[in-house]
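Peer 1: One gets my numbering by counting positions in the sequence shown from 1 and adding 648 to each. Okay, handing you the structure first.
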Amino acid sequence: MKASSFSFKIATVMALTGIAMGIGMAASHDHSLMPAHAHLNLLGWVSLFLFGIYYKLNPNTDSSRLAVIQVGVWTLGTVVLTAGVAAIHLGNTGAEPAAAIGSLVLLAGMLLFTLLVFRPAAADRISPAVAMTPAE
Ligand code: HEM
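Now the structure itself:
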């Protein structure tokens, strides 16, 4: 699966979960999960969707295994951080290490993305004019 497709699919699942959490908070008048909701929506929906757009615009990076791994690492970090933050705000301070681990996994995911942006796949570095020259 291409990185963009993987990213878009997970982003929509995260958005549905984040929205359900928001509706649950609004309906119950209990906003204690607000930080978890905000992180899930911004890391899981907005960021993953933005990664997907970047990969779609850079087809060779989109096909790379490292980009798929980057999306996987980001997803794992988002789930662990969100669960940790939710548990902390529900009164379980013992979940702090989970939130800390999640944040470090997210840092690793952003480092991978930075690497992919600064060192795009070799074919992406060929200018479009050169790439489109017919072989006559
Ligand atoms: C049906 C959809 C949604 C519902 C019902 C909902 C509901 C809520 C509620 C009840 C709060 C708590 C507000 C407070 O206690 O002050 C909140 C906070 C927040 N939501 Fe949502 N939300 C939804 C979608 C989203 C989406 C799509 C995003 C981001 C892309 C988002 C980002 C945030 C953020 C950043 C906060 C924290 C705001 C602050 O710090 O004051 N929400 N939301």
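We put the beta carbon where it would ideally sit given N, CA and C, even for glycine. Keep in mind that this is a model prediction, so the values were computed, not measured.
Measure the C-alpha to C-alpha separation of residue 728 and residue 759 and round it to an integer number of angstroms.
Peer 2: If you number the sequence shown from 1, residue 728 lands on position 80. If you number the sequence shown from 1, residue 759 lands on position 111. Computed Cα separation, rounded: 18 Å.
Peer 1: Is it right to say residue 824 is buried, meaning 16 or more other beta carbons lie within 10 angstroms of its own, or is it exposed?
Peer 2: Any question about residue 824 goes unanswered here, given that the chain covers just 649 to 784.
Peer 1: Could you have a look at residue 680 and say whether DSSP puts it in helix, strand or coil?
Peer 2: On the sequence shown, residue 680 is found 32 positions in, with the first residue counted as 1. Correct three-state label for residue 680: coil.
Peer 1: At a threshold of 7 Å, does residue 736 count as lining ligand 1 (C-beta to nearest heavy atom)?
Peer 2: Numbered from 1 along the sequence shown, position 88 holds the residue referred to as residue 736. Residue 736 Cβ: outside cutoff for every heavy atom of ligand 1.
Peer 1: Run through DSSP, which three-state label would residue 708 get?
Peer 2: Reading the sequence shown from its first residue, position 60 is the one you call residue 708. Here residue 708 sits in helix by DSSP.
Peer 1: Taking DSSP as the reference, what is the three-state secondary structure of residue 758?
Peer 2: Numbered from 1 along the sequence shown, position 110 holds the residue referred to as residue 758. Reduced to three states, the DSSP call for residue 758 is helix.
Peer 1: Whose C-beta lies closer than 8 Å to the C-beta of residue 656 among residues of the same chain, with five residues either side of it excluded?
Peer 2: The residue given as residue 656 occupies position 8 in the sequence shown. Contacts found: 696, 697, 700.
Peer 1: For the region 746–766 against the region 716–724, do three or more pairs of beta-carbon atoms, one drawn from each stretch, fall closer than 8 Å, so that the two count as touching?
Peer 2: A contact exists between the region 746–766 and the region 716–724.
Peer 1: Looking at the structure shown, is residue 650 part of a helix, part of a strand, or coil, going by DSSP?
Peer 2: Here residue 650 corresponds to residue number 2 of the sequence shown, with the count starting at 1. Correct three-state label for residue 650: coil.
Peer 1: Would you mind stating whether residue 654 and residue 716 have Cβ atoms separated by less than 8 Å?
Peer 2: Start at 1 with the first residue of the sequence shown, and residue 654 comes out as number 6. Start at 1 with the first residue of the sequence shown, and residue 716 comes out as number 68. Yes, the Cβ-Cβ distance between residue 654 and residue 716 is below 8 Å.
Peer 1: At a threshold of 7 Å, does residue 662 count as lining ligand 1 (C-beta to nearest heavy atom)?
Peer 2: What you label residue 662 is simply residue 14 of the sequence shown in a count that begins at 1. No, since every heavy atom of ligand 1 falls outside the 7 Å radius drawn around the Cβ of residue 662.
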